[in-house]
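K.L.:
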Amino acid sequence: MNNYNLLKYLPDRELEPRQFLRHCFGIAELTPAELLEEETDSQYRKKCITILCAIFDIQRATVRKWGSDLNFEGMPNYCKIALAYIDTAEIMPRQIKNILKGEYNPPEVDAQTFLEKILLDGLNEQQILQTVSHANFRATCVKTLTQVLHIGTKSVQDWGQDMSFRKMPRIHKHTLAYALAAISQAQGAMVVDRSTTIAWKKAA
């Protein structure tokens with residue numbers, strides 16, 4: 012399970028929807044007065060709801076239940092951590108035009124594919140066999156999903172007895188996809204930083 016350290020690339024704090032949406036529209040750095048002007052636009056909340064519906068593949072009625080203002084305080088924590096992953100993956104604001112045009116399909120990854128990537132990727136057949144047959148392997152799978160999804164252990168255990176966790180709700184498959192995208196983006200950034208540092212040292 013030596014790939015478990017991939018999770019260190021993930022943000023461990025949730026991102027509040029209002030801040031996330033400001034990033035989406037590229038207005039996070041505006042002054043308070045400018046923000047007020049943007050956020051009181053008659054179409055702004057409507058666009059915000061469209062974005063949240065698209066990235067989670069949920070109904071507008073569900074998003075409206077999260078609150079009547081731009082804070083969406085009723086949003087579950089497991090959605091807020093997904094927002095942090097999306098932000099880290101830099102999916103937004105690149106996709107905002109596609110979302111507003113209704114041309115965005117949120118990525119999804121099932122539990123088994125995600126767990127194989129995190130826990131088994133890079134191992135040979137013998138190492139994989141040793142890992143999956145270990146007495147603690149299921150507990151590690153449950154721990155991984157609870158950590159990444161910010162979901163209670165009992166809920167994850169109820170999703171199934173094997174690595175596929177077949178009863179996992181679809182919304183969490185989107186979060187797992189965003190998590191992998193965030194890991195990939197963070198790793199790429201580290202490679203760039205490392206090569207830049209090496210080039211700087213050579214130049215010096």
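All residue numbers for the sequence shown refer to my numbering, where the first residue is 12 and numbers rise by one. By construction, the Cβ of each residue, glycine as well, lies at the ideal position given by its N, Cα and C atoms. Keep in mind that this is a model prediction, so the values were computed, not measured.
#1: Which term fits Glu-49, buried or exposed, when burial requires 16 or more other beta carbons within 10 angstroms of its beta carbon?
#2: If you run the structure through DSSP and keep just helix, strand and coil, what is Glu-25?
#3: Taking 9 Å as the CB-CB limit, is Ile-129 close to chain B?
#4: Could you tell me how far apart the beta carbons of Gln-168 and Ala-100 are, in whole angstroms, since I believe they sit closer than 8 Å?
#5: Alpha carbons only, please: which of Asp-80, Tyr-96, Gln-137, Thr-73 is nearest the one belonging to Lys-19?
#6: Nearest to Leu-187 by alpha carbon, out of Leu-156, Phe-176, Trp-170?
#7: Using CA coordinates, which residue listed in Lys-57, Tyr-115, Ile-162, Gly-37 is at the minimum distance from Pro-87?
#8: What number of angstroms, rounded off, separates the C-alpha of Phe-36 from the C-alpha of Ala-65?
#9: I need the straight-line Cα distance from Ala-190 to Met-103, nearest angstrom please.
#10: Alpha carbon to alpha carbon, what distance is there between Gln-106 and Lys-184?
#11: Using a Cβ-Cβ cutoff of less than 6 Å, which residues in the same chain neighbour Lys-128 once the five nearest sequence positions on both sides are dropped?
#12: Quick one, are the C-beta atoms of Ile-182 and Leu-21 less than 9 Å apart?
#13: What is the DSSP secondary structure of Thr-51, reduced to helix, strand or coil?
#14: Ends of the alpha helix (DSSP H) at Thr-42?
#15: Quick one: using the 10 Å Cβ neighbour count with 16 as the cut-off for buried, is Ala-146 buried or exposed?
#16: From Asn-159 to Asp-132, what does the alpha carbon distance come to, in whole angstroms?
#17: I'd like the span of the alpha helix (DSSP H) that includes Phe-125, first residue to last.
#18: Alpha carbon to alpha carbon, how far is Tyr-115 from Thr-142?
#19: Measuring only the C-alpha atoms, how far is Asn-16 from Thr-42?
P.N.:
In this structure, then:
#1: In the sequence shown, the residue the question calls residue 49 occupies position 38. By the beta-carbon neighbour count (other beta carbons within 10 angstroms, threshold 16), Glu-49 is exposed.
#2: Taking the first residue of the sequence shown as 1, we reach residue 25 at position 14. Residue state, collapsed to three classes: coil.
#3: Protein chain content of the structure displayed is limited to a single chain, and chain B is not contained in it.
#4: As a first step, residue 168 is located in the sequence shown; it is residue number 157 there, counting from the start. As a first step, residue 100 is located in the sequence shown; it is residue number 89 there, counting from the start. Not a contact, Cβ separation roughly 28 Å.
#5: Residue mapping note: residue 19 aligns to position 8 of the sequence shown, counting from 1. Lys-19 has its Cα closest to that of Tyr-96, out of Asp-80, Tyr-96, Gln-137, Thr-73.
#6: One-based indexing of the sequence shown puts residue 187 at position 176. A check of alpha carbon separations from Leu-187 across Leu-156, Phe-176, Trp-170 identifies Leu-156 as the nearest.
#7: In the sequence shown, counting from the first residue as 1, residue 87 sits at position 76. The option with the nearest alpha carbon to Pro-87 is Ile-162.
#8: Locating residue 36 in the sequence shown gives position 25, counting from the first residue. Locating residue 65 in the sequence shown gives position 54, counting from the first residue. Cα-Cα distance, rounded: 15 Å.
#9: Residue 190 sits at position 179 when you count from the first residue of the sequence shown. Residue 103 sits at position 92 when you count from the first residue of the sequence shown. One Cα belongs to Ala-190, the other to Met-103, and the distance between them is close to 14 Å.
#10: The residue you call residue 184 lines up with position 173 of the sequence shown. The residue you call residue 106 lines up with position 95 of the sequence shown. Gln-106 has its alpha-carbon roughly 19 Å from the corresponding atom of Lys-184.
#11: Position 117 of the sequence shown, counting from 1, holds the residue named residue 128. Its chain contains no residue whose beta carbon lies nearer than 6 Å to that of Lys-128 once the 5 sequence neighbours on both sides are disregarded.
#12: Against the sequence shown, residue 182 aligns to sequence position 171. Against the sequence shown, residue 21 aligns to sequence position 10. Result no, Cβ atoms of Ile-182 and Leu-21 do not sit closer than 9 Å.
#13: Here residue 51 refers to the residue found at position 40 of the sequence shown. In the three-state DSSP reduction, Thr-51 falls in the coil class, being neither helix nor strand.
#14: Here residue 42 is taken as the residue at index 31 of the sequence shown, counted from 1. In the DSSP assignment, Thr-42 falls outside any alpha helix (DSSP H), carrying neither H nor E.
#15: Taking the first residue of the sequence shown as 1, we reach residue 146 at position 135. When all chains shown are included, Ala-146 counts as exposed.
#16: Against the sequence shown, residue 159 aligns to sequence position 148. Against the sequence shown, residue 132 aligns to sequence position 121. The residue you asked about is not Asn; residue 159 is Val in the sequence shown. Across the structure, Val-159 and Asp-132 are spaced so that their CA atoms are roughly 17 Å apart.
#17: Against the sequence shown, residue 125 aligns to sequence position 114. Per DSSP, Phe-125 belongs to the alpha helix (DSSP H) from 122-126.
#18: For the purposes of this step, residue 115 is identified with residue 104 of the sequence shown, where counting begins at 1. For the purposes of this step, residue 142 is identified with residue 131 of the sequence shown, where counting begins at 1. Each residue's alpha carbon lies about 37 Å from the other.
#19: The residue given as residue 16 occupies position 5 in the sequence shown. The residue given as residue 42 occupies position 31 in the sequence shown. If you draw a straight line from the Cα of Asn-16 to the Cα of Thr-42, it is about 39 Å long.
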